[in-house]
Structure formats: structure tokens, C-alpha cells
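If you read the protein sequences in the order shown, they are chains P and E.
The first sequence begins at 1123 in our numbering and counts up by one.
The second sequence begins at 1123 in our numbering and counts up by one.
Think of the CB as a built atom: it goes at the ideal place given N, C-alpha and C, for glycine as much as any other residue.
Following: one structure in C-alpha cells, then a few remarks.
Number of protein chains: 2
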Amino acid sequence: MAKVKTRDRILKTSLALFNQEGEAQVSTVEIAGVLDISPGNLYYHFKGKEAIIVALFAEFEEELRQVLSAPIQRPLQIDDNWVFVYIVFEEINDFRFFYYNLTGILERCPELRPRFARLLRLKEETANAILSSLEQEGYLTFAAGERDGLAARIAAHLTFWLQFEALRQGDRGARDVINDGVYAIMMQIAPYFTDGKTAFAELLRDYFASQSR
Amino acid sequence: MAKVKTRDRILKTSLALFNQEGEAQVSTVEIAGVLDISPGNLYYHFKGKEAIIVALFAEFEEELRQVLSAPIQRPLQIDDNWVFVYIVFEEINDFRFFYYNLTGILERCPELRPRFARLLRLKEETANAILSSLEQEGYLTFAAGERDGLAARIAAHLTFWLQFEALRQGDRGARDVINDGVYAIMMQIAPYFTDGKTAFAELLRDYFASQSR
DNA sequence: GTCTATAAATGGATAGAC
DNA sequence: GTCTATCCATTTATAGAC
């Protein structure tokens, strides 16, 4: 099997260290040390820490963009929606270092700011598309403005839920936190179910069935 | 009039700089430079940047704690609740640097972690107390678990809304962002109004009347 | 591609004079 | 209380050998 490229090893290790300790706390020397390569070698592959961050963001952007685009292009099956939300949470969790110290990172890598803003908007559009399709199929009913507001709140929830939970009680596993995050979104949609409790109860059952794999 | 103490000037300037540029981007040398005092002088008053951060947090904690405790001790008048939410947002906005790079700050000032977690819990308890009093007065109706879930989401919303908006579109005034944040909370509570749209419409009108001072 | 060695810059921190 | 001067540690970044 082919040897893993040093460039990729740098990215992988940097991501792990950033997620663990926070990007600001990790120096290029430390990254090189963990990889057992010289700082000079690291600088041969990346001009500096900023370059590493930008490269990691490109990965994140690519993956999240793919995930978020799917439901816009073609409506999901009704109970696939919860799985979808779950996947978004996992993707964000994999690159969570980015959400800590966002101000600092965007300050030092200004080119990422518009790209990050675009991802947020895409989250919101996707949420809106999903709600829309559920509305058209008769599951949900919205008054004027309610759907847009809900979509915005869901986008914010997707973005910051993991951080909120990490602050409230830092000792929980990622799986549990994500499950609670998905559940909270379901609770937030529940009031808009057309036929009240019945349809919601069904979805709830399907969700717990699907996630106990 | 008495001359403003250097200690207080340091705190005030540090807060301003931290909010503007992010705590990680501001050095003690820079703070001293802006204040036109020597680094040595700064170190006479504070052992280092951590000490400044801890002192600023103490201010924040004190103020927010007072604000959040009021509705728990005694229910507010029905339309004071929106004003209350507004005040919480403003308080958070004044110390927003803290919410950027939270990971980094809590890493370096571990004693703040439990205190910060306690503030989050207090936010949630306060939201719950307000919802509870509205429920008892007959304005709101909750099924089992709905009130707790809503309170948690409101706490998260209070904590991260400003950051979310700053990322989505960074060029808006704090006032507008806060108004939208309050409105989003109202929208989130709306589905639980007992008599549907009427009571909510009234509150909406009162809110816009009260905030156009 | 990778290493060693080292430069250059920055930021944190202290001693001692005023 | 405040300043000057200085030191130490860390980090980024580069030059040149292998």
C-alpha cells in the first residue's frame, strides 16, 4: 500500500490537535513534534499555520456543502430528515476547532469569512427546503413568516448546539450530545405538525429506531 | 472630580480592545500602548492578561447574575419580559469577547469554567421561571417536557445569537441584531400561547411600542 | 522531501530607579 | 504608582546541507 503523504499527515494531525486543545494553543513546532518531523519540513509543505487552517477549511467546506446540497436538489424521504440532521452535526463535530475561536481565525484568515458566511446561509436554505417539502406534503403548517424564522433558528442551533453543550457539561460523549441536539430540533418543529401529536409521535419512534443501530 | 484609577482604565480599555479584535489578538504590550502607560505599570496592577480576564469576568458575572435573578425571585409583569430579554442580550453584548474563543479562555483560566457553566444554568432556570409564571397565569400551555426543552433552547439562543448574526452578516448595528434576537425568541414561544394568535399579537404590539423609545 | 541550525519577531515578565 | 531597561520563552520563518 502506498505511503501516506506527509502533507496529509500534517493536516490530519493538525485537525486532531486543534480539536483537542484549541487552535490558538497549538504551535507549528508542536505539530511537527507530534508527527516527528522537523519544523522546516512542515514549512516546506505549508507556509504556516494559517495555510493549514485554510486547507482544513477547504475540506470542511467541500464535505458540508455536499451534505447540505442534497436535500435542496431532491426532497428526502420523510424519516431521512433526522438522519440528515445527524450527519450535519457529525460533520461540524469533526471540525469543531473552527467554531471555537472563530473571531480569531477569521481575523487572521480574512478570505475565510465570506466562505463561512455562505455555509451558514446554505444551512438556513437547506433547513428551509426541508421544511418546505414537509409543508407541501401536508405534514407541517406554517403561518406567514413562521417557516423562515424556524429555518434561521435551526441553522443557529446546528451551528452552536455542540458548543453550548460542551460548556454546560463538558464530560458527555459526542454521540449523546448530538442525539440531544437532533431531539431538540424535533421538539422545535413539533408545534407546527398539522395533525398535532400523532404524526410527531411516529417520527419520534422512527428516529429512535434508526439511531439505535 | 476624582481622577479615574489606572486599574479601572486598564479594565475598560482591555474590554474595548478584546471586543474589537478578539482577546487572543491583543497583547499586554498593546493594551499598555493604547493607554499610554508602560508594560511594567500594567504588570503592577495585574499579574498578566489572565488576571485582567478574570477581573472582567467577575464584573460580567456580577451584573448578569443580578439581571437573571430578578425574574426568579419575583415574576415580572407580562410585557416586562421582553424588556428583560433585551437587557440580557445587551449585557452579553457588552462582554462579547468572552464568547469568542471561549475554549481558549477557559483553557487558560480554568477557574472560570464552573462559574461560566453556572451562568448558563442560571439563564436556563430564569427562562424556565418566566415560562412557568406565564403558564400559571394562563398565557401559555405546555405538554410534558415542552417547557424544559424550550427553556434550554432559549438559553442557547441568548448565548449564541449575537455571534450567529455577526457571522451571517457582520455589518449590522448591535441594536438591530438584538431586536431581531428578541423577536426570534417571541416567535419561538408563540406556538405555546393558549388562545393562539390574539394574545401573541398584543404582546408583539407592546414590545414594539416599548422598544421604540 | 527532509533535516539541522539559526535568524527574526513577539509577547510575557521582572528589577530597580524615580 | 509609574517608568526604563532588560531578560526569558515561545513561535514563526528561512538558509543551506543531505
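Cβ pair residue 1223 of chain E, residue 1250 of chain P closer than 7 Å: As a working note, residue 1223 of chain E is residue 101 in the second sequence. As a working note, residue 1250 of chain P is residue 128 in the first sequence. For residue 1223 of chain E and residue 1250 of chain P, no; Cβs fall outside 7 Å.
Short CB-CB distance (under 7 Å) between residue 1208 of chain E and chain P: The residue labelled residue 1208 of chain E in the question sits at position 86 within the second sequence. Cβ-Cβ to chain P under 7 Å: no for residue 1208 of chain E.
Whole-number beta carbon distance between residue 1172 of chain P and residue 1230 of chain P, since they are thought to touch under 8 Å: Walking along the first sequence from the start, residue 1230 of chain P turns up at place 108. Walking along the first sequence from the start, residue 1172 of chain P turns up at place 50. That pair is a contact at about 6 Å.
Environment of residue 1160 of chain P [buried if 16+ CB atoms lie within 10 Å]: Within the first sequence, numbered from 1, the residue matching residue 1160 of chain P stands at position 38. With fewer than 16 other Cβ atoms within 10 Å, it is exposed.
Chain P contacts made by the stretch 1155 to 1166 of chain E, where a contact means CB separation under 8 Å: none
7 Å Cβ cutoff, residue 1229 of chain E in contact with chain P: Along the second sequence, one-based indexing puts residue 1229 of chain E at 107. Closer than 7 Å: yes.
Exposure label - residue 1221 of chain P; buried when at least 16 CB within 10 Å: For the purposes of this step, residue 1221 of chain P is taken as residue 99 along the first sequence, with counting starting at 1. So residue 1221 of chain P ends up on the buried side.
Contacts that residue 1331 of chain E makes with chain P (C-beta to C-beta distance below 7 Å): Counted from its first residue, the second sequence places residue 1331 of chain E at position 209. Under the 7 Å cutoff, chain P gives no residues; its nearest Cβ is about 20 Å from residue 1331 of chain E.
N-terminal and C-terminal residue of the alpha helix (DSSP H) that residue 1195 of chain P is part of: Within the first sequence, residue 1195 of chain P is the residue found at index 73, counting from 1. Looking at the DSSP string, the run of the alpha helix (DSSP H) that includes residue 1195 of chain P is 1171 to 1195.
7 Å Cβ cutoff met for residue 1269 of chain E and residue 1280 of chain E: By one-based count along the second sequence, residue 1269 of chain E stands at place 147. By one-based count along the second sequence, residue 1280 of chain E stands at place 158. Cβ atoms of residue 1269 of chain E and residue 1280 of chain E: not closer than 7 Å.
Min CB distance residue 1282 of chain E to chain P below 7 Å: As a first step, residue 1282 of chain E must be located in the second sequence, where it is residue number 160. It does; some Cβ of chain P falls within 7 Å.
Closer than 7 Å to chain E by CB, residue 1144 of chain P: Numbered from 1 along the first sequence, position 22 holds the residue referred to as residue 1144 of chain P. Yes, residue 1144 of chain P lies at the interface with chain E (some Cβ there is under 7 Å from its Cβ).
Closer than 9 Å at the beta carbon, the chain P residues around residue 1313 of chain E: Along the second sequence, read from residue 1 onward, the residue named residue 1313 of chain E stands at position 191. Ordered by position in chain P, the residues that pass the 9 Å Cβ test against residue 1313 of chain E are 1268, 1312, 1313, 1314.
Cβ contact check for the stretch 1145 to 1157 of chain P and the stretch 1183 to 1202 of chain P: 3 or more pairs under 8 Å: no
Pair within 7 Å by beta-carbon distance, residue 1386 of chain P and residue 1322 of chain P: The structure shown has nothing for residue 1386 of chain P, since chain P only spans 1123 to 1335.
Near-chain E residues of the stretch 1231 to 1245 of chain P (beta-carbon distance less than 8 Å), N- to C-terminal order: 1235, 1238, 1239, 1242, 1243
When P/1190, P/1181, P/1228 are compared against residue 1277 of chain P, the one with the closest alpha-carbon: Here residue 1277 of chain P is taken as the residue at index 155 of the first sequence, counted from 1. Closest option to residue 1277 of chain P, Cα to Cα, is P/1190.
Distance, residue 1296 of chain P Cα to residue 1325 of chain P Cα: Within the first sequence, numbered from 1, the residue matching residue 1325 of chain P stands at position 203. Within the first sequence, numbered from 1, the residue matching residue 1296 of chain P stands at position 174. Taking the straight line joining both Cα atoms gives about 23 Å.
Proximal residues of chain E, C-beta to C-beta of residue 1286 of chain P below 7 Å: The sequence position of residue 1286 of chain P within the first sequence is 164, counting from 1. Ordered by position in chain E, the residues that pass the 7 Å Cβ test against residue 1286 of chain P are 1278, 1281, 1282.
Under the three-state DSSP convention, the category residue 1198 of chain E falls into: Reading the second sequence from its first residue, position 76 is the one you call residue 1198 of chain E. Three-state result, residue 1198 of chain E: coil.
Under 8 Å from the C-beta of residue 1306 of chain E: neighbouring residues of chain P: Here residue 1306 of chain E refers to the residue found at position 184 of the second sequence. Those within 8 Å of residue 1306 of chain E in chain P are 1271, 1274, 1275.
Contact the stretch 1203 to 1219 of chain E vs the stretch 1281 to 1301 of chain E: 3+ CB pairs below 8 Å: yes
Whether residue 1237 of chain P touches residue 1228 of chain P by CB criterion (7 Å): Within the first sequence, residue 1237 of chain P is the residue found at index 115, counting from 1. Within the first sequence, residue 1228 of chain P is the residue found at index 106, counting from 1. Against a cut-off of 7 Å, the Cβ pair of residue 1228 of chain P and residue 1237 of chain P comes out as no contact.
Length of the line joining the Cα atoms of residue 1145 of chain P and residue 1256 of chain P: Taking the first sequence and counting its residues from 1, one reaches residue 1145 of chain P at position 23. Taking the first sequence and counting its residues from 1, one reaches residue 1256 of chain P at position 134. Going from the Cα of residue 1145 of chain P to the Cα of residue 1256 of chain P covers about 39 Å.
Rounded straight-line distance, which links the Cα of residue 1193 of chain E to that of residue 1248 of chain E: Along the second sequence, read from residue 1 onward, the residue named residue 1248 of chain E stands at position 126. Along the second sequence, read from residue 1 onward, the residue named residue 1193 of chain E stands at position 71. Approximately 7 Å, taken between the alpha carbons.
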